[in-house]
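K.L.:
Number of protein chains: 2
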Amino acid sequence: MNLHDLKSVCGHCTIRELCLPAGLSDEEVHLLDQHMNHRQAVPKGEYLYRVGDPFRSLFAVSSGFFKTVLLHEDGRGQITGFQMMGELLGLEAIHSDHHVCDAIALEDSAVCAIPFDQFEQLGQVMANLRHRFNKDLSREIVREHHVMMLLGSMRSEERLANFLIDLADRHAERHQSSVEMTLRMTREDIGSYLGLKLETVSRLLSRFHDEGVLEVRGRRVRILDRDALALRRTETHN
Amino acid sequence: MNLHDLKSVCGHCTIRELCLPAGLSDEEVHLLDQHMNHRQAVPKGEYLYRVGDPFRSLFAVSSGFFKTVLLHEDGRGQITGFQMMGELLGLEAIHSDHHVCDAIALEDSAVCAIPFDQFEQLGQVMANLRHRFNKDLSREIVREHHVMMLLGSMRSEERLANFLIDLADRHAERHQSSVEMTLRMTREDIGSYLGLKLETVSRLLSRFHDEGVLEVRGRRVRILDRDALALRRTETHN
DNA sequence: AGGGTACAATGACATAAGTCAAAATCCTGG
DNA sequence: CCAGGATTTTGACTTATGTCATTGTACCCT
Numbered sequence: 177m178n179l180h181d182l183k184s185v186c187g188h189c190t191i192r193e194l195c196l197p198a199g200l201s202d203e204e205v206h207l208l209d210q211h212m213n214h215r216q217a218v219p220k221g222e223y224l225y226r227v228g229d230p231f232r233s234l235f236a237v238s239s240g241f242f243k244t245v246l247l248h249e250d251g252r253g254q255i256t257g258f259q260m261m262g263e264l265l266g267l268e269a270i271h272s273d274h275h276v277c278d279a280i281a282l283e284d285s286a287v288c289a290i291p292f293d294q295f296e297q298l299g300q301v302m303a304n305l306r307h308r309f310n311k312d313l314s315r316e317i318v319r320e321h322h323v324m325m326l327l328g329s330m331r332s333e334e335r336l337a338n339f340l341i342d343l344a345d346r347h348a349e350r351h352q353s354s355v356e357m358t359l360r361m362t363r364e365d366i367g368s369y370l371g372l373k374l375e376t377v378s379r380l381l382s383r384f385h386d387e388g389v390l391e392v393r394g395r396r397v398r399i400l401d402r403d404a405l406a407l408r409r410t411e412t413h414n
Numbered sequence: 177m178n179l180h181d182l183k184s185v186c187g188h189c190t191i192r193e194l195c196l197p198a199g200l201s202d203e204e205v206h207l208l209d210q211h212m213n214h215r216q217a218v219p220k221g222e223y224l225y226r227v228g229d230p231f232r233s234l235f236a237v238s239s240g241f242f243k244t245v246l247l248h249e250d251g252r253g254q255i256t257g258f259q260m261m262g263e264l265l266g267l268e269a270i271h272s273d274h275h276v277c278d279a280i281a282l283e284d285s286a287v288c289a290i291p292f293d294q295f296e297q298l299g300q301v302m303a304n305l306r307h308r309f310n311k312d313l314s315r316e317i318v319r320e321h322h323v324m325m326l327l328g329s330m331r332s333e334e335r336l337a338n339f340l341i342d343l344a345d346r347h348a349e350r351h352q353s354s355v356e357m358t359l360r361m362t363r364e365d366i367g368s369y370l371g372l373k374l375e376t377v378s379r380l381l382s383r384f385h386d387e388g389v390l391e392v393r394g395r396r397v398r399i400l401d402r403d404a405l406a407l408r409r410t411e412t413h414n
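For the record, the sequence lines run as chains A and B. The numbering of the first sequence is our numbering, which starts it at 177 and goes up by one. The numbering of the second sequence is our numbering, which starts it at 177 and goes up by one.
1) How far does the beta strand (DSSP E) with B:F235 in it reach, from first residue to last?
2) Using 7 Å as the limit for Cβ to Cβ distance, is B:H275 near chain A?
3) Which residues share a DSSP beta bridge with A:C288?
4) In chain order, what residues of the region 289-305 of chain A put their CB closer than 9 Å to some CB of chain B?
5) What span of residues does the beta strand (DSSP E) with B:E375 cover, start to end?
6) Inspect the beta-carbon positions of B:G257 and B:L234 and report whether they are closer than 7 Å.
7) Less than 8 Å between the CB atoms is what I'm expecting for A:T358 and A:R315, so what's the real figure, rounded?
8) Quick one: residues in its chain with C-beta nearer than 6 Å to the C-beta of A:A269, no 5 flanking neighbours on either side, listed in chain order?
9) Any Cβ of chain A within less than 7 Å of the Cβ of B:E349?
10) With H, G and I counted as helix, E and B as strand and the rest as coil, what does DSSP make of B:E391?
11) Step through the CB atoms of chain B and report whether any lies within less than 7 Å of the CB of A:R319.
12) Comparing C-alpha positions only, which one of A:C189, A:E364, A:L336 and A:H206 sits nearest to A:T410?
13) Excluding the 5 residues flanking B:E377 on each side, which residues of the same chain have their C-beta closer than 6 Å to its C-beta?
14) DSSP three-state call for A:L405: helix, strand or coil?
15) Closer than 9 Å, Cβ to any Cβ of chain A: which residues of the region 374-388 of chain B, in chain order?
16) Give every residue of the same chain whose Cβ lies closer than 6 Å to the Cβ of A:G371, excluding the five residues on either side of it in the sequence, and list them in chain order.
17) From the beta carbon of A:D403, is the nearest beta carbon of chain B less than 7 Å away?
18) Based on DSSP bridge pairs, tell me the residues matched to B:D278.
19) Can you list, in chain order, the residues of its chain whose CB lies under 6 Å from that of B:Y225, leaving out five sequence neighbours each side?
20) On the three-state DSSP scale, how would you describe A:V301?
21) Indicate the three-state DSSP secondary structure (helix, strand or coil) for A:E356 in the structure shown.
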């Protein structure tokens, strides 16, 4: 990487406004920038961290796609989220100073790391950053509330419809097509996240396909009728 | 209330170490204290806040018991948590400056409120408080991860066993009996939280009762065999 | 005190999603 | 470019939990 001629990596980052530096002034971004370890590669299939690892840094996904997996003693695992460009990884570890889930790259990816103690120090002088970070943490809580709603109160079709729309929206935020997407995760991963078995996910995708809502070819998905899909997110769509 | 002769309410609070001031020095607690509105009563059944309310203050439960409910357009609601003494309410609202769920007192309760803008200002001078609060937010994320695991991967019996043990443990932290408890919420509330119908909850409680694990009389629950209950939290307990 | 409304328990039955199994397809590395 | 494992699809069948209905209980509130 040839970065030494750039004053600030974050400042020139295309996803700056989706990432930690969002809403900070140029000077603030510059300051933050100096504490970060930019663009570390994480090849597909590799662990960014594992349960039990000591917590040192927060990570921002710079490119690629991750999943976070919570392991249960009896082998069962629950996927707690999928992370794309600009999203933070490691927030769960602040509480106990240790990671409590695994983070795995689902495609060749890169992350920017910031040592958390330095990050907290920066809070001393950057009220903006403090506020910003509180919002990030709060947003994660809200996101998880929605997953709880999904898992606790919705039927399988609604869960999948919500999942697909959410993915599409996040692609759109990143200026990627929200119509044609390639799923980075397996059917089993989707099932784990949605509290369903992979067969159920597969059947639902086939159904959406047959009904003309989606075009599904393996991991390639095209949303043919966004409105129809959106309707299926809720019960009352007679 | 007659508090003017106390230097610091938080400093004398019995649950200080479970609440926001945990880990702060006496001076820090005192400073924090001056920004708080202590012990506001919230009668049973009342809303502490509702979806859409502007977010002004964070709340710490000073006594009593709350539930937070996420509402879905089609009337469905999902309970996202139950809060006891020392636990924080309102964290979900930081992100959007508006509350995104309802908080309802399940018994006559009291809360301490702290205006969030003042709280964030305090972060400027109190690194401890910042760190502490980051941990609180992270803990909430971890807690929700566990709920996701519960809702996504566990069967009904395991869900209820986990719920009961969690409640018992939180009672114990508060120096209340972890053997005999009175449930503050209805069967329907429990069901909502666990992604089950109230009939299922009722049947499971009856089953635990019949099997000698619990003694259940309405909302009064006594844990007769903690080990047996703990075993039922996981699949593999042949 | 007692009458009424909310809450809880239980039974009979329905169904959404899980399980098991087999075949089809897709990738990937040599 | 092919072989072999991983992933996906689909079908037949099972089951855990939901649904509906009834009765019982408890707790307010006047």
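Where is the CB? At the ideal position from N, CA and C, for every residue including glycine.
P.N.:
In short:
1) S233 to S239
2) no
3) A:A236
4) F292, E296, Q297, G299, Q300, V301 and A303
5) From DSSP, B:E375 is part of no beta strand (DSSP E) but of the alpha helix (DSSP H) over L374 to D386.
6) no
7) Contact flag wrong, Cβ pair sits at about 26 Å.
8) F231 and H275
9) no
10) strand
11) no
12) A:L336
13) The residue you asked about is not Glu; residue 377 of chain B is Val in the sequence shown. Taken in chain order, the residues that qualify are R363, I366 and G367.
14) helix
15) none
16) L327
17) no
18) B:V245
19) H275 and A279
20) helix
21) strand
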